[in-house]
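**Student:** In our numbering, the protein residues as written are 29 to 499.
1) Secondary structure at residue 380, three-state DSSP: helix, strand or coil?
2) Cα separation between residue 211 and residue 155?
3) Could you give the first and the last residue of the continuous beta strand (DSSP E) run that contains residue 465?
4) In angstroms, rounded to a whole number, what distance separates the CA positions of residue 253 and residue 241?
5) If you run the structure through DSSP and keep just helix, strand and coil, what is residue 286?
6) Tell me the DSSP secondary structure of residue 403 in three-state form.
7) Judging by CA-CA distance, which residue of 391, 275 and 473 is the nearest neighbour of residue 299?
8) Select from 355, 205, 415 and 80 the residue whose C-alpha is nearest the C-alpha of residue 255.
9) Taking the beta carbon of residue 282 as the centre, do at least 16 other beta carbons fall within 10 Å, making it buried, or is it exposed?
10) On the premise that residue 69 lies in contact with residue 359, defined as a C-beta separation below 8 angstroms, what is that separation, rounded to the nearest angstrom?
11) Along the beta strand (DSSP E) that carries residue 161, what are the first and last residues, could you check?
12) Consult DSSP for residue 145 and reduce its assignment to one of helix, strand or coil.
13) Apart from the five residues just before and just after residue 183, which ones in its own chain have a Cβ nearer than 8 angstroms to its Cβ?
14) Work out the CA separation of residue 496 and residue 472 for me, nearest whole Å.
15) Roughly how many angstroms separate the alpha carbons of residue 486 and residue 443, rounded to a whole number?
16) Given this structure, state the Cα-to-Cα distance separating residue 388 from residue 458, to the nearest angstrom.
17) In the DSSP assignment, the beta strand (DSSP E) including residue 173 goes from what residue to what residue?
18) Could you tell me which of 114, 494 and 208 sits nearest to residue 216, measuring between CA atoms?
19) Which of helix, strand or coil does DSSP assign to residue 204?
20) Find out if the Cβ-Cβ distance for the pair residue 280, residue 325 is shorter than 8 angstroms.
21) Ends of the alpha helix (DSSP H) at residue 368?
22) Could you tell me whether the region 327-339 touches the region 80-99, using the rule of 3 or more Cβ pairs below 8 angstroms?
23) Residue 225: buried (16+ other C-beta within 10 angstroms of its C-beta) or exposed?
24) Taking the C-alpha atoms as reference points, what is the distance between residue 261 and residue 239?
25) Considering only the beta carbon of each residue, do residue 92 and residue 133 sit closer than 8 angstroms?
26) By DSSP, does residue 297 sit in helix, in strand, or in coil?
27) What distance in whole Å lies between the Cβ atoms of residue 498 and residue 418, which are believed to be in contact at a cut-off of 8 angstroms?
28) Among 366, 373, 136 and 475, whose alpha-carbon lies nearest the alpha-carbon of residue 421?
Here it is, written out as structure tokens:
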């Protein structure tokens, strides 16, 4: 009996050792296709939505469900095995015109919702790790909404509008493009006015408040495009991991948009992630650039801070691409290059998307409320669909409220929020209708409205819609 037991122990140890060794073994290049397409591949940044919209009206007009001339569309994502791209609502800001910054940001978020509507069998907006995994399981593209350049957030509307962006599914938010704003200093260390007025300092008091609120609601902070000072201030404030959505490493290429070794080590300590950008100007002195340059930056970061803190963030449709990685369909070239350098299957899976999923999950865990508890009751039914065109500049914004089971509506809880500003609405108890008549003309085209109600036990429901003034 003892001898049999000894044999069993030896066998278990042998199997354990051999299975671990297999995982750690470098991948044969011919095996990379199966590894790539079996992995959950996450691309941490693209600007495709700004190509989807009409540049005059900002309404969506180009369906990326079809093949396009863009660097990214659904057929290219499918060919390239990219499961979960971060779709950025990018703006460099409209200096001293906050309503226009709001409108532009909403136009690009609306374009993503329109894209989902055009392609229900192929793409699903996914804002949580649970939704991402489900979309991938259903063989759909998990489209993750993000914001690049939070120029819409100002002292008078920041927290209200931030929560509306959260309602719309925004998962990651970058404070800056390159210009400075009310939240902090951008990489160029100037404001976006015509004089390019120099800025000072890092994170503002408002920026710190927004960062803390993002931690609380489970929205990830994107540190790409921040100045060095703003980055360090964010790292002091945040209690959740951060993401550099599309940056390079300064140790390979000296550039203000790349992270220094000290910043990378801070990311490691924070539990965060750097997604290596594909833009050759950030990677190499060679204007063409190649896949090997992307992986050089990946390898440098891995050697410095470990395999668990590095991912990929292309910047498709926002920058020129390497000669052998011209669009999303050529993404498997990254996996081939990683395999040729001796990375194991497990390591490649982490770099392709596993690390990004981990960070997003940790950001969710750090939140101080459970998003899955919201919306139990009452039920709110706005009069408008997402992206609906309204033909007056002083619209009557309405929604019906009902309770299925449980306590009645608390009338003192009723709110209507427009572009981050909270208003006290009218409530018709007989028809259970919540309404707000706007008295001043809305100047810009895109706006966002939220109807909020709670029952008498405090359960809150919010319904948020983007609308367009089309007069």
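Just so it is clear, CB atoms sit at the ideal spot from N, CA and C, and this is done for glycine as well.
**Tutor:** Answer, in terms of the structure:
1) Within the chain shown, residue 380 is the residue found at index 352, counting from 1. Three-state DSSP puts residue 380 in a helix.
2) Reading the chain shown from its first residue, position 183 is the one you call residue 211. Reading the chain shown from its first residue, position 127 is the one you call residue 155. Approximately 24 angstroms between the Cα atoms of the pair.
3) Here residue 465 is taken as the residue at index 437 of the chain shown, counted from 1. From DSSP, the beta strand (DSSP E) with residue 465 extends over 461-465.
4) Position 225 of the chain shown, counted from the first residue, corresponds to residue 253. Position 213 of the chain shown, counted from the first residue, corresponds to residue 241. Each residue's Cα considered, the two are about 20 angstroms apart.
5) For the purposes of this step, residue 286 is taken as residue 258 along the chain shown, with counting starting at 1. In this structure, residue 286 counts as coil in the three-state DSSP scheme.
6) As a first step, residue 403 is located in the chain shown; it is residue number 375 there, counting from the start. At residue 403 the pLDDT is 49, less than 50, meaning the model places this residue with poor confidence; the figure from the coordinates comes in the next sentence. Looking at residue 403 - three-state DSSP - the assignment turns out to be coil, as it is neither helix nor strand.
7) For this step, residue 299 is matched to residue 271 along the chain shown. If we check each option's Cα against that of residue 299, 391 comes out closest.
8) Here residue 255 is taken as the residue at index 227 of the chain shown, counted from 1. It is 205.
9) To locate residue 282, count along the chain shown from 1; it is residue 254. Burial call: exposed.
10) Numbered from its first residue, the chain shown carries residue 359 at position 331. Numbered from its first residue, the chain shown carries residue 69 at position 41. Indeed, because the Cβ distance is near 7 angstroms, the residues count as touching under 8 angstroms.
11) Position 133 of the chain shown holds residue 161. Here residue 161 belongs to no beta strand (DSSP E); instead the alpha helix (DSSP H) covers 157-165.
12) The residue you call residue 145 lines up with position 117 of the chain shown. Residue 145: helix per DSSP, three-state reduction.
13) Residue 183 sits at position 155 when you count from the first residue of the chain shown. Result list for residue 183: 210 and 234, in chain order.
14) As a working note, residue 472 is residue 444 in the chain shown. As a working note, residue 496 is residue 468 in the chain shown. Cα to Cα, residue 472 sits roughly 9 angstroms from residue 496.
15) By one-based count along the chain shown, residue 486 stands at place 458. By one-based count along the chain shown, residue 443 stands at place 415. Each residue's Cα considered, the two are about 14 angstroms apart.
16) Walking along the chain shown from the start, residue 388 turns up at place 360. Walking along the chain shown from the start, residue 458 turns up at place 430. Cα-Cα distance, rounded: 44 angstroms.
17) Counted from its first residue, the chain shown places residue 173 at position 145. First-last of the beta strand (DSSP E) with residue 173: 169-176.
18) Within the chain shown, numbered from 1, the residue matching residue 216 stands at position 188. The shortest C-alpha separation from residue 216 is found at 208.
19) Mapped onto the chain shown, residue 204 falls at position 176. Coil.
20) Your numbering for residue 280 matches position 252 in the chain shown. Your numbering for residue 325 matches position 297 in the chain shown. It is a contact, given that the beta carbons lie within the stated cut-off.
21) What you label residue 368 is simply residue 340 of the chain shown in a count that begins at 1. Segment 360-368, the alpha helix (DSSP H) holding residue 368.
22) no
23) Sequence index remark: in the chain shown, residue 225 carries index 197 (1-based). Classification of residue 225: exposed, given that the 10 Å Cβ count is below 16.
24) The residue labelled residue 261 in the question sits at position 233 within the chain shown. The residue labelled residue 239 in the question sits at position 211 within the chain shown. Spanning the two alpha carbons is a distance of roughly 10 angstroms.
25) Against the chain shown, residue 92 aligns to sequence position 64. Against the chain shown, residue 133 aligns to sequence position 105. Going by C-beta atoms, residue 92 is not nearer than 8 angstroms to residue 133.
26) For the purposes of this step, residue 297 is taken as residue 269 along the chain shown, with counting starting at 1. Residue state, collapsed to three classes: helix.
27) For the purposes of this step, residue 418 is taken as the residue at position 390 of the chain shown. For the purposes of this step, residue 498 is taken as the residue at position 470 of the chain shown. With 8 angstroms as the limit, residue 418 and residue 498 qualify as a contact, their Cβ atoms being about 7 angstroms apart.
28) Mapped onto the chain shown, residue 421 falls at position 393. The residue with the shortest Cα to Cα distance from residue 421 is 475.
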